[in-house]
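Here the first sequence is numbered in full-length UniProt numbering, starting from 1 and rising by one per residue.
All C-beta atoms, glycine included, are put in the ideal place defined by N, C-alpha and C.
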Amino acid sequence: MAAAQASAFIRALAQANPEPKPELEYRDAFTLLVAVVLSAQTTDVAVNKATATLFEAAPDAAAMARLGPEGIAPHIRRIGLWQAKAKNVAALAEQLLARHGGEVPREREALEALPGVGRKTANVVLNVAFGENAMAVDTHIFRLGNRTGLAPGDTPRAVEDALVKRCPPELLRDAHHWLILHGRYVCKARRPECWHCVAREFCNYPDKVAGPTSG
DNA sequence: ATCCCGAGGG
DNA sequence: CCCTCTGGAT
Numbered sequence: 001m002a003a004a005q006a007s008a009f010i011r012a013l014a015q016a017n018p019e020p021k022p023e024l025e026y027r028d029a030f031t032l033l034v035a036v037v038l039s040a041q042t043t044d045v046a047v048n049k050a051t052a053t054l055f056e057a058a059p060d061a062a063a064m065a066r067l068g069p070e071g072i073a074p075h076i077r078r079i080g081l082w083q084a085k086a087k088n089v090a091a092l093a094e095q096l097l098a099r100h101g102g103e104v105p106r107e108r109e110a111l112e113a114l115p116g117v118g119r120k121t122a123n124v125v126l127n128v129a130f131g132e133n134a135m136a137v138d139t140h141i142f143r144l145g146n147r148t149g150l151a152p153g154d155t156p157r158a159v160e161d162a163l164v165k166r167c168p169p170e171l172l173r174d175a176h177h178w179l180i181l182h183g184r185y186v187c188k189a190r191r192p193e194c195w196h197c198v199a200r201e202f203c204n205y206p207d208k209v210a211g212p213t214s215g
């Protein structure tokens with residue numbers, strides 16, 4: 001897909017969603033970071049429920065560190081991998097205090113050095129919370145990038161690089177939400193619903209699904 | 001059965 | 001590259 005077509009693809013999503021409602025509701029760096037750390041192999045809805053009570057008990061790194069794994073666990077028992085995540089989040093809060101004055105660092109290296117934080121989580125925080133030139137690639141965006149031709153690549157990193165290169169810079173931040181929501185609800189893994197896709201005319205997917213009964 | 005906004009370790 | 005950690009929705 002040419003660069004111009006990639007821009008048109010993303011602009012079509014933008015026009016359809018002037019005020020995108022993110023699945024994970026947080027834009028503040030600390031709450032977003034914790035929410036994303038909790039989100040592996042779990043639905044966004046479950047994470048939002050868990051974090052609602054968790055952040056009431058511990059709205060910042062200091063409070064979260066005080067809570068500790070045993071204090072965190074009861075809030076997140078309904079989500080997958082909660083035992084490891086309770087430890088990670090507690091350790092994460094402690095390191096934020098010990099090494100970053102209780103704030104979330106803005107540097108990729110510092111972010112990825114935190115327990116439970118890999119490249120994907122770091123990219124979400126860099127992009128969504130800090131507005132940096134980064135793009136997180138999850139399973140949805142990976143699939144969408146390849147299927148549509150928007151950002152092809154055989155590794156998440158390759159898809160990431162293609163997206164950062166092709167997305168208009170001023171749209172990069174919100175594109176994260178647009179793409180992930182589009183991947184979840186329209187360009188789905190099993191039955192992509194091409195018949196009401198707003199970017200259909202810019203998509204290279206060869207077998208565009210015609211209607212609900214054809215998939 | 002299969003999937004979900006992964007990271008860490010072998 | 002592979003595996004494991006884990007629960008809930010569909």
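Hey, how far is the Cα of F9 from the Cα of G71? On the first sequence, residue 9 is found 9 positions in, with the first residue counted as 1. On the first sequence, residue 71 is found 71 positions in, with the first residue counted as 1. If you draw a straight line from the Cα of F9 to the Cα of G71, it is about 45 Å long.
Bounding residues of the alpha helix (DSSP H) (the contiguous stretch that carries K120): Sequence index remark: in the first sequence, residue 120 carries index 120 (1-based). Taken as a continuous stretch (DSSP letters only), the alpha helix (DSSP H) holding K120 covers R119 to V124.
Taking the alpha-carbon positions, what's the L2 to W195 distance? Within the first sequence, residue 2 is the residue found at index 2, counting from 1. Within the first sequence, residue 195 is the residue found at index 195, counting from 1. Checking the sequence, you will find Ala at residue 2 rather than Leu. Going by C-alpha positions, A2 is about 23 Å away from W195.
Nearest neighbour of P169, chosen from R184, G153, E132 and T155 [CA to CA]: As a working mapping, residue 169 is identified with position 169 in the first sequence. The candidate whose alpha carbon is nearest that of P169 is E132.
Report the CB separation of D138 from K165 in whole angstroms; it is logged as a contact under 8 Å. By 1-based counting over the first sequence, the position of residue 138 is 138. By 1-based counting over the first sequence, the position of residue 165 is 165. Between K165 and D138 the Cβ distance is about 19 Å, and since that is not below 8 Å, they are no contact.
With distances taken from CA atoms, which of V117, R106, A62 and T148 is nearest L38? In the first sequence, counting from the first residue as 1, residue 38 sits at position 38. Looking at the Cα atoms, V117 is the closest of the given residues.
Could you give the DSSP three-state label for N48: helix, strand or coil? For the purposes of this step, residue 48 is taken as residue 48 along the first sequence, with counting starting at 1. DSSP places N48 in the helix class (H, G or I) of the three-state scheme.
Checking 9 Å against the spacing of the C-beta atoms, do R173 and N127 come in under that value? One-based indexing of the first sequence puts residue 173 at position 173. One-based indexing of the first sequence puts residue 127 at position 127. Judged by beta-carbon spacing, N127 lies within the 9 Å limit of R173, meaning their Cβ atoms are closer than that value.
Pairwise C-alpha distance: A113 and A90: Here residue 90 is taken as the residue at index 90 of the first sequence, counted from 1. Here residue 113 is taken as the residue at index 113 of the first sequence, counted from 1. Each residue's alpha carbon lies about 15 Å from the other.
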